[in-house]
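> Numbering (the working numbering), first residue to last: 874 to 1193.
All C-beta atoms in this analysis are idealised placements derived from N, C-alpha and C, irrespective of residue type, glycine included.
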Amino acid sequence: MATIKEIRTRMKSVEQTLKITNAMYLISSSKLRRARQMLSDVQPYFQKITETISDILHHSPEIEHCFFDKRPHKKGAERKVGYVVITGDKGLAGAYNHNIIKLTEQLVAQTPGAIVFPVGQFGRNYFITHGVIEQDDESFLYTVQDPTTHRAMEMSEFLLGQFTRGELDEVYIIYTEMVSSVRLEPTVRKLLPLDVDAFPWKPRTPELYHQTVEYVPSAKSVLSQLVPGYAKGILFGALVESFCSEQNARMTAMDSSTKNAREMLRALSLVYNRVRQSAITQEITEIVGGSQQKKQTPVPKKHENCVRVIHFDAAGNVLP
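1. With a 10 Å radius around its C-beta and 16 neighbouring C-beta atoms as the bar for buried, classify GLY955 as buried or exposed.
2. Would you check if the region 955-966 and the region 1140-1151 touch, i.e. whether three or more CB-CB distances between them fall below 8 Å?
3. Just reading off the alpha helix (DSSP H) that ALA896 is part of, what are its end residues?
4. By the three-class DSSP mapping on this structure, what secondary structure does LEU1081 have?
5. With a cut-off of 8 Å, do at least 3 Cβ pairs link the region 1059-1073 to the region 1032-1051?
6. Is the number of C-beta pairs between the region 940-955 and the region 999-1006 that are closer than 8 Å three or more?
7. What did DSSP end up calling PHE1116 once you bin it into helix, strand or coil?
8. Counting only the same chain and skipping the five closest in sequence on each side, list residues whose C-beta sits under 8 Å from that of THR923.
9. Please go through the same chain and pick out, in chain order, the residues whose beta-carbon is closer than 6 Å to the beta-carbon of LYS885, but skip the five residues on each side of it.
10. Rounded to whole angstroms, what's the CA-CA distance from PRO934 to TYR1088? Just pull it up for me.
11. Contact defined as beta carbons within less than 8 Å: I believe LYS904 pairs with GLN1120. What is the distance between those atoms, to the nearest angstrom?
12. Between ALA1092 and ILE926, how many whole angstroms is the CB-CB distance? I'm expecting something under 8 Å.
13. Say whether the region 1013-1030 touches the region 983-1002, bearing in mind that this needs 3 or more beta-carbon pairs closer than 8 Å, one atom from each stretch.
14. The alpha helix (DSSP H) with LYS1063 in it runs from where to where?
15. For the region 1125-1139 and the region 906-923, state whether three or more C-beta atom pairs, one from each stretch, are separated by less than 8 Å.
16. Taking DSSP as the reference, what is the three-state secondary structure of TYR1103?
17. Would you say PHE1237 and ALA908 are within 7 Å of each other, going by their C-beta atoms?
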């Protein structure tokens, strides 16, 4: 059995861990609220872009644009498919990162011309270790901490450039959607090429008269300006959703760790009290045993004082 000192040291270690897990829970909770507020602030802007693209496609159904080109002539390994994989920068978030990586590996195995663009240090390290991407490839190097529209714009410009030059024929985003606080789902969303069916037109005013919309200089030019903003909005939404999912998963993991730490402290306290009580009982037993032993040991009697009489004769000799 462990000594009192060892148990006390173990309890102090668990208490320190408990403080860390509790602090990480509070930090993740704060980041989650801030990220969701950020997404709700910019959502109307991206929603308006989507509605405008829908209006253009409705009023100009004959329009053709490179961002809608599906390139059916490219098939098999000739068709380059890019996967933007959004993971976390670190672990301690339960199965959050592993679920995304598992889904990515399944899709890559089914796609001969797959190219992976990891976002987040955890995923980047994993794919470098497994030879999916080169270690010195820094053409697409982004963090997932505190998502910003500027970062989403840089990513969208890179991907749109690759698609326009024909280096990519399809682009998908693999991220985690936060369906609820207890349900996180790895999700795949198509970014490029754009699909007309993804922009259903819904009249926002009663159709009392025929509406004619004129785009200057042309509908195609306006569409060319709107698509980058739309792609930026999709990427930013995926970044924020993933970030919120990561923080929620970390909150769940830290809450579970905190509960386990408290349970361990309770168990250690019981063991500590038991060992301490045993030590005290042992000391009392030794004291009582020593006292009883002392009582049972006979005390040696003291020598009594005695007088010896010596007789002498007339000559001074000692008589027997």
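Let me lay it out:
1. buried
2. no
3. 877-932
4. Residue confidence is low: LEU1081 scores 47 on pLDDT, short of 50, so the model does not pin down where it sits. No coordinate-derived value is stated.
5. yes
6. no
7. helix
8. PHE1072, TYR1103 and GLY1106
9. none
10. 14 Å
11. 5 Å
12. No, ALA1092 and ILE926 are not in contact; Cβ-Cβ is about 10 Å, not under 8 Å.
13. yes
14. Not the alpha helix (DSSP H): LYS1063 falls in the beta strand (DSSP E), residues 1056-1065.
15. no
16. helix
17. In this structure the chain extends from 874 to 1193, so residue 1237 is not present and cannot be described.
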